[in-house]
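Q: What follows is a single structure, and I will ask about it in a moment.
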Amino acid sequence: MSPLNSGLYLATILIWGSTWLAITYQLGEVDPLVSVIYRMALASGLLFVWCWLRQIPLGLSLRDHRFMAAQGCFLFGLNYWTIYWSEVYLPSGLVAVIFSLLVFFNIINGRIFLKHPVTLPTVVGGLVGLTGICMLFYPEFALLSGADSNPDSNPNDPLFGFGLAFVAVVFASLGNIVATRNGNTGISVWAINAWSIFYGTAILTLIALVTGAEFSYGSTLEYSLSLIYLSVFGTILAFGAYLKLLINIGPSRAGYTSLIIPFVAIILSTLFEDYQWTLLAAAGFVLVALGNYMVLKRR
Numbered sequence: 001m002s003p004l005n006s007g008l009y010l011a012t013i014l015i016w017g018s019t020w021l022a023i024t025y026q027l028g029e030v031d032p033l034v035s036v037i038y039r040m041a042l043a044s045g046l047l048f049v050w051c052w053l054r055q056i057p058l059g060l061s062l063r064d065h066r067f068m069a070a071q072g073c074f075l076f077g078l079n080y081w082t083i084y085w086s087e088v089y090l091p092s093g094l095v096a097v098i099f100s101l102l103v104f105f106n107i108i109n110g111r112i113f114l115k116h117p118v119t120l121p122t123v124v125g126g127l128v129g130l131t132g133i134c135m136l137f138y139p140e141f142a143l144l145s146g147a148d149s150n151p152d153s154n155p156n157d158p159l160f161g162f163g164l165a166f167v168a169v170v171f172a173s174l175g176n177i178v179a180t181r182n183g184n185t186g187i188s189v190w191a192i193n194a195w196s197i198f199y200g201t202a203i204l205t206l207i208a209l210v211t212g213a214e215f216s217y218g219s220t221l222e223y224s225l226s227l228i229y230l231s232v233f234g235t236i237l238a239f240g241a242y243l244k245l246l247i248n249i250g251p252s253r254a255g256y257t258s259l260i261i262p263f264v265a266i267i268l269s270t271l272f273e274d275y276q277w278t279l280l281a282a283a284g285f286v287l288v289a290l291g292n293y294m295v296l297k298r299r
């Protein structure tokens, strides 16, 4: 690849690979739902300013607004809320690996909603990836629910965290299907993201008001710095770099970033969250990467 594309590729991997750890600095003092609202509100506001400065048209039809709201609800709203929530119970790197199942869910939903074909190698790759997830998750579940674990923790916490991460993948995949429709309209990607993130923020704010979530703010410097990083780098710049990569080298080659991102995330989790590796977990991680590779290479 050219130096430009290599830089875009590296930026996408490093930024998205590190956002899983950055999310952990948003947890604890502030409700995860509220932290997501802060992140998306900041990102949406900056994107609207960017569109205004670049004179990117923001006018949409009523029909397009409905699809932007759907994309925002699934991709930038419910998806991120359940990701943040899952990281309350699981190490960030493990959540990132679970989220790599997005490759397979995109294929399934692509078949259901977009009539894309599903091949036998895709099915085999999906089964290999799912097997790897089970192997990777089992040691973590045993560690957190064993007799030597924190007596104040709930033995069902790891399972609940896994369920939340799994639901996040489903939401993200549905959001990707809507985003595919929106991207084919000819509307600027920046305008699409500005509006969809805005709607995602609005939907989450409504949920917060209905559920009585407290709109507090983190008192630490780490909270503010991680919020800025997640909004500017994780939500705006990484999406921009990846979309530019899609244009320059095509979706098949750009899709291989999904093989490396979980690796970056789980290495950071090992360094900063003391994630404990076992032989079974390492084998599971390899199977997840192999399953993704089988699907992406076929595509």
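Heads up, the sequence shown is in the UniProt record's numbering, so the first residue is 1 and it goes up one at a time.
From the three backbone atoms N, C-alpha and C, an ideal C-beta is built for every residue, glycine too.
With a CB to CB cut of under 6 angstroms and the five nearest residues on each side skipped, what residues in its chain are close to Ala-165?
A: The beta carbon of Ala-165 is closer than 6 angstroms to those of Ser-86, Val-95 and Ile-98 in its chain, skipping five residues each way along the sequence.
Q: Roughly how many angstroms lie between the CA atoms of Val-124 and Gly-291, to the nearest whole one?
A: Those two C-alpha atoms are separated by around 8 angstroms.
Q: So, at 7 angstroms on beta carbons, what are the nonlocal neighbours of Val-170 in its own chain, with the 5 sequence-adjacent residues on each side left out?
A: Phe-105
Q: Straight-line CA distance for Val-295 to Arg-39?
A: Val-295 and Arg-39: Cα-Cα distance of roughly 32 angstroms.
Q: What distance in whole Å lies between the Cβ atoms of Ser-216 and Val-34, which are believed to be in contact at a cut-off of 8 angstroms?
A: Rounded, the Cβ-Cβ distance is 7 angstroms, consistent with contact.
Q: Using three-state DSSP, classify Pro-117 as helix, strand or coil.
A: Pro-117 falls in the coil class under three-state DSSP.
Q: Suppose you measure from the CA of Trp-20 to the CA of Trp-81; what does that come to, to the nearest Å?
A: 13 angstroms
Q: In whole angstroms, give me the CA-to-CA distance for Pro-262 and Arg-63.
A: Roughly 36 angstroms between the two C-alpha positions.
Q: Just the C-alpha distance for Ala-41 and Phe-160, rounded to the nearest angstrom, thanks.
A: In this model, Ala-41 and Phe-160 are separated by some 28 angstroms (Cα to Cα).
Q: Mind checking whether Val-103 and Leu-287 have CB atoms under 9 angstroms apart?
A: no
Q: Is Arg-111 helix, strand or coil by DSSP?
A: helix
Q: Between the alpha carbons of Thr-270 and Thr-180, how many angstroms are there, rounded?
A: 35 angstroms
Q: Taking the Cβ atom as the reference point for each residue, do Phe-285 and Gly-183 lie within a distance shorter than 9 angstroms?
A: no
Q: When the Cβ atoms of the stretch 64–78 are set against those of the stretch 188–196, are three or more pairs found closer than 8 angstroms?
A: yes
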